[in-house]
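Structure record follows, encoded as structure tokens.
Right, here's the structure in full:
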């Protein structure tokens with residue numbers, strides 16, 4: 001059974017704080033192993049990648065087979081049904097349309113001093129996308145990572161995806177094709193991250209790496225950060241549903257379970273001012289759990305990390321949600337817009353009971369790569385911005401320099417940076433001569 | 001002497017690649033020490049911070065004295081001259097005006113399916129700014145970090161700044177005051193980062209940490225990344241100047257030296273199509289070096305990492321600059337705008353010879369916290385965006401769900417995420433009943 005909390009109970013604050021502080025993931029300390037894998041790939045390139053792939057993925061490769069060939073890709077995607085292909089294409093079109101609106105604008109203006117200032121956005125040249133193998137090999141994640149990169153204008157976009165025992169998900173290859181990915185390498189783990197960051201004989205290095213992965217992948221991303229850009233270190237994900245009593249308990253139960261079924265360390269929280277409704281949802285969850293294919297995973301998540309919180313009112317629910325800063329937030333209430341205005345921290349908000357979170361995972365349009373583990377307090381979901389960078393621009397005229405140069409010289413001297421001051425002074429002196 | 005390269009030489013490509021790959025910084029492996037400092041601060045809070053400060057900064061503190069008192073701040077800033085204060089205020093006003101233009105817009109629209117989509121920006125609630133002590137304690141960096149945070153709307157903004165032996169720079173406190181910083185703690189090192197990330201009895205944790213620091217600070221930021229947001233791991237910085245022969249060699253020499261004087265591992269590169277001018281600049285650098293207070297530092301940087309590259313033309317200069325992806329790029333040419341259009345990777349561009357880089361360090365308006373060590377390939381300078389996060393919004397209507405829900409259900413099933421599919425199906429069934 002999940003935790004049942006009531007904000008009117010005297011022990012509530014302690015119990016809620018414990019819920020917030022709960023460690024949901026054992027991060028094994030794989031840092032030393034990962035460091036040696038990265039060093040090995042840097043030193044020996046393809047040979048190291050191939051050996052590590054043989055060991056971890058039981059796959060014998062050779063350099064020419066690290067990437068899927070055109071013929072292999074064609075053969076795999078031919079297996080995809082027309083319905084699945086149509087669904088992926090609808091998703092891709094909607095994700096593309098949403099992200100196209102995120103393209104930021106350049107700016108340039110002249111200020112009162114006569115200085116021309118501004119900035120300019122440009123795409124990262126190349127990006128690598130990590131796609132997990134096995135059960136968590138989600139074609140939807142390929143779309144969610146690759147499409148923003150292509151919208152941003154990334155020239156070269158490659159995917160790495162381990163294929164343990166040679167098994168590949170045809171939908172992953174189709175999603176890569178639809179999204180415009182240039183190459184797919186059948187490698188994974190820390191060795192794939194190292195290959196993307198440093199390059200090998202056959203794999204050119206990229207400038208940024210995105211995408212989720214296991215503890216080895218996460219540790220490797222943390223290590224190569226700085227050498228290349230990374231998106232974020234993803235943690236176990238969560239949903240928080242704020243619902244009034246005027247909802248179908250079964251819908252809300254399924255929404256909670258759609259998070260729980262991802263992972264035993266996922267977290268689903270219902271917050272409602274209606275104690276009777278809370279009970280009804282808990283019963284619906286129990287009923288639905290019995291029939292779910294992934295009931296072992298979803299059941300463990302709901303039992304260990306699930307919570308049902310009864311509040312005095314919706315305002316209190318919003319305040320609690322802001323302390324959680326959930327990755328996904330459903331507002332299943334009569335006036336979701338009014339409640340949304342009270343939300344300060346959330347990765348994505350789903351407004352109204354007709355918007356189950358699963359819509360956002362696939363076809364809504366917004367990105368499903370979102371800040372987990374309370375990081376919505378300080379970070380955002382993946383977007384076009386993650387594949388762009390900004391260059392600032394400044395141009396002084398002689399009169400602008402005359403106006404603001406002396407202050408720069410003064411500050412340089414106060415910081416004991418003499419050459420800084422002299423570089424301004426030399427120009428001011430020329431103006432004074434003239 | 002710095003390296004002299006000529007793109008017409010047969011050995012150029014190898015020499016340039018070596019220049020790009022040059023390791024300019026010895027990062028001592030302080031990770032184990034930092035891990036234990038962080039664990040100590042988490043376990044013992046203020047007591048650990050105070051002990052570590054006594055050990056590393058030769059400062060005896062008690063909890064009530066971790067933060068500067070109002071009276072101490074007033075007494076320190078009273079020491080600042082009127083001219084220095086006016087210069088800081090001019091800088092602050094210009095930085096504020098520039099960054100105010102960076103505030104991104106919210107968006108919301110209805111698409112063809114009837115779905116309402118959009119996003120909303122909001123500030124991070126609290127941020128901590130690391131300011132190094134000693135020589136590199138720059139008031140300008142306080143402004144450059146704190147003002148974007150305040151423009152973004154960060155509610156609580158604190159500074160940590162070590163004061164070894166009790167020595168504090170009054171200008172740092174004044175800059176913090178001008179920028180609207182709420183508290184300044186006289187602590188530094190990994191212990192200060194740990195205190196900001198996890199909190200102590202007297203220091204409330206923050207959601208994001210920005211600002212430069214030494215190897216311990218950098219390692220600590222890397223470790224707490226995820227628990228809190230961080231800005232970037234700063235490396236040794238660099239300037240690249242593209243200049244035609246129609247420049248005063250002395251100005252360009254001073255611009256190169258204003259980078260070199262920062263740090264022995266800083267890098268200054270001149271790229272010019274005019275071999276005679278290249279020679280004249282090298283001579284001017286040598287001449288200016290003799291009289292600089294920081295000639296030991298600047299001289300070592302110029303000798304070990306400086307480079308003068310003669311190219312066939314300006315187009316080739318731009319192409320080389322793009323491979324360097326310099327933090328600072330000066331375009332001292334007749335038509336800097338035309339050349340800027342060919343630049344794909346640079347942190348900040350300074351257009352024309354009247355715009356020495358030092359203007360950007362202090363009073364230009366754009367941020368001087370910029371991507372170093374070639375990371376302009378994938379990242380941007382500090383901005384208001386670093387203190388904001390975006391929440392995506394989606395709202396389905398029944399008819400929108402009818403239009404796109406089946407595709408979501410299909411993809412959920414293909415990913416073996418049954419509850420995801422059922423959460424959509426339950427709603428579609430209701431619509432079909434109705």
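Protein chains in written order, with full-length UniProt numbering: chain A, 1 to 434; chain B, 1 to 434.
Ideal Cβ placement from N, Cα and C applies to all residues, glycine included.
None of the values given here were measured: they were computed from a predicted structure.
For residue 302 (chain B), the closest Cβ of chain A is not nearer than 8 Å. With fewer than 16 neighbouring CB atoms inside 10 Å of its own CB, residue 103 (chain A) falls in the exposed class. In the DSSP assignment, residue 4 (chain B) forms a beta bridge with B:308.
Under DSSP, the beta-bridge partners assigned to residue 328 (chain B) are B:239, B:348. Between residue 189 (chain A) and residue 170 (chain A), the C-beta spacing is not below 8 Å.
In the displayed model, residue 417 (chain A) falls within coil according to three-state DSSP, outside both helix and strand.
Contacts between residue 396 (chain B) and chain A, judged by CB atoms closer than 9 Å, involve 350, 351, 352, 354, 355, 356, 359, 364 in chain order. Cβ neighbours of residue 48 (chain A) within its own chain (closer than 6 Å, five residues either side excluded): 40, 41. Within the stretch 230 to 277 of chain A, the beta strand (DSSP E) runs of at least 3 residues that lie entirely inside it are, in chain order, 238 to 243, 267 to 272. Three or more Cβ pairs drawn from the stretch 295 to 304 of chain B and the stretch 258 to 265 of chain B lie within less than 8 Å of each other, which places the two stretches in contact.
Per the coordinates, the alpha-carbon of residue 369 (chain A) lies some 26 Å from the alpha-carbon of residue 35 (chain A). By DSSP's assignment, residue 405 (chain A) forms no beta bridge with any residue.
CA-to-CA, the gap between residue 374 (chain A) and residue 316 (chain A) works out to about 18 Å. By the neighbour-count criterion, in which a residue is buried when 16 or more other Cβ atoms sit within 10 angstroms of its Cβ, residue 2 (chain B) is buried. Around the CB of residue 212 (chain A), 16 or more other CB atoms lie within 10 Å, so the residue is classed as buried. Residue pairing by DSSP places residue 34 (chain B) opposite no residue, since no beta bridge is assigned to it. Annotated three-state conformation of residue 130 (chain B) is strand, per DSSP. Listed along the chain, the chain B residues whose CB falls inside 8 Å of the CB of residue 198 (chain A) amount to none; the nearest CB is some 11 Å away. Nearest to residue 251 (chain B) by C-alpha distance, out of B:362, B:411, B:281, is B:281. Fewer than three Cβ pairs drawn from the stretch 419 to 433 of chain A and the stretch 383 to 392 of chain B lie within less than 8 Å of each other, which leaves the two stretches out of contact.
Distance check between residue 117 (chain A) and each of B:359, B:388, B:432, B:390 places B:359 closest, using alpha-carbon atoms only. Closest in C-alpha terms to residue 55 (chain B), from the list B:187, B:288, B:354, B:136, comes B:187. Contact with chain A is found for residue 411 (chain B), since one of that chain's Cβ atoms lies less than 8 Å from the residue's Cβ. Contact annotation: residue 147 (chain B) and residue 218 (chain B) have beta-carbon atoms that are not nearer than 8 Å.
Against chain A, a Cβ distance below 8 Å from residue 261 (chain B) picks out 417, 418, 419, 420. Non-local C-beta neighbours of residue 372 (chain B) in its own chain, meaning closer than 6 Å and more than five positions away in sequence, comprise 234, 235, 237, 327, ordered along the chain. A Cβ of chain B is located within less than 8 Å of the beta carbon of residue 255 (chain A). Among the bridge pairs identified by DSSP, residue 209 (chain B) is matched with B:128, B:230. Using beta-carbon distances, residue 268 (chain A) does not count as an interface residue toward chain B, since no partner is under 8 Å.
Against chain B, a Cβ distance below 7 Å from residue 207 (chain A) picks out 377, 378. Looking from the CA of residue 182 (chain B), the closest CA among B:323, B:256, B:415, B:160 belongs to B:160. For residue 401 (chain B), the nearest CB of chain A lies under 8 Å from its own CB, placing it at the interface with that chain. Here residue 325 (chain A) has 345, 346, 374, 376, 377 as same chain residues with Cβ atoms under 7 Å from its own Cβ, once five neighbours each way along the sequence are excluded.
For residue 79 (chain A), there is no enclosing alpha helix (DSSP H), as DSSP gives it neither H nor E. Contacts with chain A at 8 Å (Cβ-Cβ) include residue 104 (chain B). Pairwise C-beta distances place the stretch 95 to 110 of chain A in contact with the stretch 106 to 125 of chain B, as three or more of them are shorter than 8 Å.
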